[in-house]
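Protein chains in written order, with this note's numbering: chain P, 208 to 524; chain R, -7 to 239.
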Amino acid sequence: MSVLVFIDQAEGHVKKAAAEVISYGAAVAKNLGVAVNGVVLGNVSEELATYGQYGVQKIYHINDAALNHFDAQVYTQAVAAAVEAAGATIVIFSNNVDGKAIAPRLSAKLKAGLVSGAVALPDTSNGFVVKKSVFSGKAFANIAVHSAVKIISLNPNAYQATEVGGTATVEALSASLPAAKVKITGVNKVEGEVPLTEADIVVSGGRGLKGPENWHLIEDLAKTLGAATACSRPVADEHWRPHHEHVGQTGVVVAPNLYIAIGISGAIQHLAGVNRSKVIVVINKDPEAPFFKAADYGIVGDAFEVVPKLIEAFKNR
Amino acid sequence: MKILVCISKTPDTTAKIAFTDNNTKFAEAGVQWIINPYDEWYALVRAIELKEKDPSIGISLVTVGGADADPIIRKALALGGDEAIRVNAAQADSFQIASYIANIAKEGEFDLVFTGKETIDYNGSSVGGMVAELIEAPYVALATKFELSGTTATITREIEGGEEVDEVATPLVVSCQKGMAEQRIPNMKGIMGARTKPLKVVEPAAIEALTSVASFEMPPAKAGVKLIDAENPAELVRLLKEEAKVI
Ligand SMILES: Cc1cc2nc3c(=O)[nH]c(=O)nc-3n(C[C@H](O)[C@H](O)[C@H](O)COP(=O)(O)OP(=O)(O)OC[C@H]3O[C@@H](n4cnc5c(N)ncnc54)[C@H](O)[C@@H]3O)c2cc1C
Ligand SMILES: Nc1ncnc2c1ncn2[C@@H]1O[C@H](COP(=O)(O)O)[C@@H](O)[C@H]1O
Chain P
208 MSVLVFIDQA EGHVKKAAAE VISYGAAVAK NLGVAVNGVV LGNVSEELAT
258 YGQYGVQKIY HINDAALNHF DAQVYTQAVA AAVEAAGATI VIFSNNVDGK
308 AIAPRLSAKL KAGLVSGAVA LPDTSNGFVV KKSVFSGKAF ANIAVHSAVK
358 IISLNPNAYQ ATEVGGTATV EALSASLPAA KVKITGVNKV EGEVPLTEAD
408 IVVSGGRGLK GPENWHLIED LAKTLGAATA CSRPVADEHW RPHHEHVGQT
458 GVVVAPNLYI AIGISGAIQH LAGVNRSKVI VVINKDPEAP FFKAADYGIV
508 GDAFEVVPKL IEAFKNR
Chain R
-7 MKILVCISKT PDTTAKIAFT DNNTKFAEAG VQWIINPYDE WYALVRAIEL
43 KEKDPSIGIS LVTVGGADAD PIIRKALALG GDEAIRVNAA QADSFQIASY
93 IANIAKEGEF DLVFTGKETI DYNGSSVGGM VAELIEAPYV ALATKFELSG
143 TTATITREIE GGEEVDEVAT PLVVSCQKGM AEQRIPNMKG IMGARTKPLK
193 VVEPAAIEAL TSVASFEMPP AKAGVKLIDA ENPAELVRLL KEEAKVI
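The following block contains the structure:
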């Protein structure tokens, strides 16, 4: 019995989510008194042993050129090989883009029950029960897993990464892999910006900003905070902002530490995309705006007056 | 080319979320049911658009659920699609649902399976990937664009901080989200036509679930918003730093 953590990389760089999932996996293993190992697929530029600082003891590295490009089917086969090598009974993923593609496949392959979108450590006092977010953050479900092997995919930002000190041993592992069927023909990255789904802080604007010409307010505030920018759906529909920035039930779901909503009314479909944020700040000139009910902090005021002052205040912090 | 579109029934986005039976069941009283938005607006509409370009394409809809799912699948048929299949089983978990869908996909020799990116109630993002593994097909999750040329699909999918373009041959499973298509409203002709389209009810052999819901809970109520004077944004900065500790 042991825990295996999938340590996610893209283009040779271990993703930010890795620290969270390793810390989570280490805590699960500690509670059960078992070992925690990790698996990395493909070539990476980081020194993997340093991830031991989050509590992982051994990292299996399948450094096969076939894994330098993502194909869910090939990746699943590779992770399954690590599960076997480690004798793992609990497998942890981040519920991010890659986790959403591999965790369900592995679940079906191993007939291992999957809890996706977990927000807390498993409760093992009576069986194996994991709390997950449901109804787009409006409620939680406690899911009992009945299979021998169990898979958890952890919501980003749901568990605090903790450095416990230590180095991991890195062990090369080889796996027989099927040929990739997905051919990647292009990658378009939004240059120089913080990816919305990975951001710790998100600054978001709504129709209250009146037009795209005023977006420098959102951008300046985001820049001051090292934040990603987002918007409400009508803003994207009116082409003030690109569609990949639209947050909500029909757009991107974010779960940052801090979500700052400016000139957004707080419709239920918008809240569905931001409910999982740790702290919400709302700036709106209408004290009756529904967003204030979902907020932790609020300023009732005109964005055009408040935001420039707020940028100054952040700069002086 | 045969496309199987997975349709699930979910509570309306604005439905009140509450639980009964000692917090083990979703309170269905008074709830409006809809087609899961990702299934309707993106998976189904994109399949319909493909068929409009190439009428030789066949579209089947599948749902796993009881007879209470019939109005939802009829509503989906009113938008388009040739026939619907309902696997008559109470939904137990993603694996059970995916197993039923995989069996339909195999028996019907479908080339393409479209799902939504997630159900808005369970938020699993799981069924598509499971179906793909069970039918041993490639899986592209979180697709925002889908083009078909012969048996080769060109798909744009979300990645962290951008998008990736993939080329994959069928058979293939795709989970669909915003960008795939524009929302449509069913017209009178569609609604009338849907009445005569076949809705097959399949009685499956039981498949055991791997997980079950032990209980539901509501998040702790927010303490209430702390309002800060518009003239004093420095106070907000202080609170975020010292009280909330998020900056
Ligand atoms: C099925 C469905 C799905 C949807 N999905 C989404 C989704 O995913 N995401 C989404 O965002 N929406 C979604 N919507 C739309 C949603 O219902 C709202 O219409 C939308 O979120 C409103 O956007 P908004 O708050 O920017 O604009 P508005 O509702 O117009 O609100 C503007 C706000 O700005 C404030 N304001 C105006 N001027 C100022 C000023 N000078 N300073 C400060 N504040 C000011 C106003 O008081 C108001 O509260 C969906 C709707 C439906 C029906
Ligand atoms: N009961 C069901 N019947 C048919 N398709 C379903 C069902 N449940 C989920 N799906 C499909 O699988 C997708 C992902 O669901 P989930 O894994 O629950 O988030 C949905 O968007 C649907 O397309």
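Note that CB positions come from ideal geometry on N, CA and C, so glycine has one too.
Taking a contact to mean a Cβ-Cβ separation below 8 angstroms, would you say residue i touches residue j in this structure?
i: valine 193 of chain R; j: asparagine 80 of chain R; result: yes
i: glutamine 169 of chain R; j: lysine 109 of chain R; result: yes
i: proline 385 of chain P; j: methionine 122 of chain R; result: no
i: isoleucine 65 of chain R; j: isoleucine -1 of chain R; result: yes
i: valine 119 of chain R; j: isoleucine 151 of chain R; result: no
i: glutamate 37 of chain R; j: isoleucine 93 of chain R; result: A small correction: the amino acid at residue 37 of chain R is valine; glutamate does not occupy that position in the sequence shown. Contact: no.
i: valine 210 of chain P; j: alanine 295 of chain P; result: yes
i: arginine 358 of chain P; j: aspartate 427 of chain P; result: According to the sequence shown, residue 358 of chain P is isoleucine rather than arginine. No, they are not a contact pair.
i: glutamate 400 of chain P; j: alanine 435 of chain P; result: yes
i: aspartate 509 of chain P; j: proline 130 of chain R; result: no
i: isoleucine 214 of chain P; j: valine 246 of chain P; result: yes
i: serine 548 of chain P; j: asparagine 464 of chain P; result: Residue 548 of chain P is absent from the structure shown; chain P starts at 208 and stops at 524.
i: proline 225 of chain R; j: isoleucine 471 of chain P; result: no
i: valine 165 of chain R; j: alanine 124 of chain R; result: yes
i: valine 322 of chain P; j: lysine 345 of chain P; result: no
In the DSSP assignment, the alpha helix (DSSP H) including residue i goes from what residue to what residue?
i: arginine 78 of chain R; result: Counting along the chain, arginine 78 of chain R falls outside any alpha helix (DSSP H), though it belongs to the beta strand (DSSP E) covering 75 to 80.
i: aspartate 208 of chain R; result: Correcting the residue type first, residue 208 of chain R is phenylalanine in the shown sequence and not aspartate. Segment 203 to 209 is the beta strand (DSSP E) holding phenylalanine 208 of chain R; no alpha helix (DSSP H) there.
i: valine 263 of chain P; result: Unbroken run through valine 263 of chain P: none, as it is neither H nor E.
i: leucine 317 of chain P; result: 304 to 317
i: isoleucine 112 of chain R; result: Per DSSP, isoleucine 112 of chain R belongs to no alpha helix (DSSP H) and is neither H nor E.
i: serine 86 of chain R; result: 86 to 99
i: asparagine 238 of chain P; result: 224 to 239
i: phenylalanine 511 of chain P; result: 510 to 522
i: leucine 60 of chain R; result: Reading off the sequence, residue 60 of chain R comes out as aspartate, not leucine. Premise fails: aspartate 60 of chain R is in no alpha helix (DSSP H) and is neither H nor E.
i: glycine 185 of chain R; result: 180 to 188
i: lysine 430 of chain P; result: 423 to 432
i: valine 442 of chain P; result: 440 to 444
i: isoleucine 475 of chain P; result: 475 to 478
i: valine 37 of chain R; result: 37 to 45
To which residues of the same chain is residue i closer than 6 angstroms at the C-beta, ignoring the five residues directly before and after it?
i: valine 488 of chain P; result: Ile467, Tyr504
i: glycine 306 of chain P; result: Phe300, Ser360
i: valine 377 of chain P; result: Leu255, Ala256, Ile266, His268
i: glutamate 445 of chain P; result: none
i: alanine 226 of chain P; result: Tyr261, Ala368
i: isoleucine -5 of chain R; result: Ala39, Ile51, Leu104
i: glutamate 156 of chain R; result: Arg149
i: arginine 448 of chain P; result: Cys438, Val442
Strictly below 8 angstroms CB to CB, what residues from chain B border residue i?
i: leucine 202 of chain R; result: The structure shown has no chain B; the protein chains it does contain are P and R.
Starting from the C-beta of residue i, find all residues in its chain whose C-beta is less than 7 angstroms away, skip the five residues before and the five after it, and write them out in chain order.
i: aspartate 158 of chain R; result: Val132, Ile147, Arg149
i: asparagine 250 of chain P; result: Gly219, Asn270, Asn275
i: tyrosine 34 of chain R; result: Gly108, Cys168, Gln169, Lys170, Met172, Ala173
i: proline 140 of chain R; result: Per the sequence presented here, residue 140 of chain R reads as leucine, with proline not at that position. The answer, listed in chain order, is Leu42.
i: isoleucine 391 of chain P; result: His276
If I measure Cβ to Cβ from residue i and keep anything under 8 angstroms in the same chain, skipping five residues before and after, which residues do I get?
i: serine 48 of chain R; result: Met(-7)
i: leucine 71 of chain R; result: Glu32, Leu36, Val37, Ile40, Arg176, Pro178, Gly182
Could you give the first and the last residue of the continuous beta strand (DSSP E) run that contains residue i?
i: tyrosine 504 of chain P; result: 504 to 507
i: valine 341 of chain P; result: 336 to 341
i: isoleucine 124 of chain R; result: According to the sequence shown, residue 124 of chain R is alanine rather than isoleucine. Counting along the chain, alanine 124 of chain R falls outside any beta strand (DSSP E), though it belongs to the alpha helix (DSSP H) covering 119 to 126.
i: leucine 231 of chain R; result: That residue, leucine 231 of chain R, is in no beta strand (DSSP E); its alpha helix (DSSP H) goes 225 to 234.
i: isoleucine 53 of chain R; result: According to the sequence as given, residue 53 of chain R is leucine; it is not isoleucine. 50 to 57 is the extent of the beta strand (DSSP E) around leucine 53 of chain R.
i: valine 3 of chain R; result: A quick correction: the sequence has proline, not valine, at residue 3 of chain R. It spans 1 to 3 - the beta strand (DSSP E) in which proline 3 of chain R sits, taken as one unbroken run.
i: tyrosine 282 of chain P; result: Counting along the chain, tyrosine 282 of chain P falls outside any beta strand (DSSP E), though it belongs to the alpha helix (DSSP H) covering 279 to 293.
i: aspartate 158 of chain R; result: 154 to 161
i: arginine 414 of chain P; result: Taken as a continuous stretch (DSSP letters only), arginine 414 of chain P belongs to no beta strand (DSSP E), as it is neither H nor E.
i: asparagine 362 of chain P; result: Segment: none, asparagine 362 of chain P is in no beta strand (DSSP E) and carries neither H nor E.
i: threonine 144 of chain R; result: 144 to 151
Using 7 angstroms as the cut-off, classify the Cβ of residue i as near or not near the heavy atoms of ligand 3, replying yes or no.
i: alanine 186 of chain R; result: As for ligand 3, it is missing from this structure, which binds only ligand 1 and ligand 2.
Measuring from each Cβ to the nearest heavy atom of ligand 1, keep the ones under 5 angstroms and list them in chain order. In chain order, the hits are P:Gly413, P:Arg414, P:Gly415, P:Ser439, P:Arg440, P:Pro441, P:Gly455, P:Gln456, P:Thr457, P:Gly458, P:Gly470, P:Ile471, P:Ser472, P:Ala474, P:Gln476, P:His477, P:Asn491, P:Lys492, P:Asp493, P:Ala496, P:Asp509, P:Ala510.
Members of the stretch 420 to 452 of chain P that neighbour chain R once the beta carbon cut-off is set at 8 angstroms: The stretch 420 to 452 of chain P vs chain R, Cβ under 8 angstroms: Leu432, His450, His451.
Got a sec: which bits of the stretch 203 to 217 of chain R sit with their beta carbon under 8 angstroms from any beta carbon on chain P, in order along the chain? Within the stretch 203 to 217 of chain R, the qualifying residues are Thr203, Ser204, Val205, Ala206, Ser207, Phe208, Glu209, Met210, Pro211, Lys214, Ala215, Val217.
Where the stretch 484 to 504 of chain P meets chain R: residues whose CB sits under 8 angstroms from a CB there: Only those residues of the stretch 484 to 504 of chain P whose C-beta falls short of 8 angstroms from the nearest C-beta of chain R are listed: Lys485, Val486, Val488, Val489, Phe499, Lys500, Ala501, Ala502, Asp503, Tyr504.
Can you give me, in chain order, the residues of the stretch 227 to 240 of chain P that have a beta carbon less than 9 angstroms from any beta carbon in chain R? Against chain R - using a Cβ distance shorter than 9 angstroms - the stretch 227 to 240 of chain P contributes no residues.
What are the residues of the stretch 121 to 140 of chain R that lie near chain P, defined by any Cβ-Cβ distance shorter than 9 angstroms? So the close ones are Gly121, Met122, Val123, Ala124, Glu125, Leu126, Glu128, Ala129, Pro130, Tyr131, Val132, Ala133, Leu134, Thr136.
Members of the stretch 96 to 116 of chain R that neighbour chain P once the beta carbon cut-off is set at 7 angstroms: Going along the stretch 96 to 116 of chain R in chain order, one finds Ile112, Asp113, Tyr114, Asn115, Gly116 with a Cβ nearer than 7 angstroms to chain P.
Contact set between the stretch 156 to 170 of chain R and chain P, restricted to residues whose Cβ is under 9 angstroms from the partner: If the cut-off is 9 angstroms between Cβ atoms, the stretch 156 to 170 of chain R has Glu156, Val157, Asp158, Glu159, Val160, Ala161, Leu164, Ser167, Gln169, Lys170 near chain P.
So if I threshold CB-CB distances at 7 angstroms, which residues from the stretch 321 to 342 of chain P count as touching chain R? Per Cβ criterion, the list reads Leu321, Val322, Ser323, Gly324, Val336, Ser340, Val341, Phe342.
Got a sec: which bits of the stretch 4 to 16 of chain R sit with their beta carbon under 8 angstroms from any beta carbon on chain P, in order along the chain? Those residues of the stretch 4 to 16 of chain R that come within reach of chain P (Cβ to Cβ, closer than 8 angstroms) are Thr5, Thr6, Ile9, Phe11.
When you check each C-beta in the stretch 143 to 154 of chain R against every C-beta of chain P, which residues fall closer than 9 angstroms? For the stretch 143 to 154 of chain R, which is checked against every Cβ of chain P, the residues closer than 9 angstroms are Thr146, Ile147, Thr148, Arg149, Glu150, Ile151, Glu152, Gly153, Gly154.
Any residues in the stretch 399 to 411 of chain P with a beta carbon nearer than 9 angstroms to a beta carbon of chain R? Which ones, in chain order? Hits within the stretch, in order: Glu400, Val401, Pro402, Leu403, Thr404, Glu405, Asp407, Ile408.
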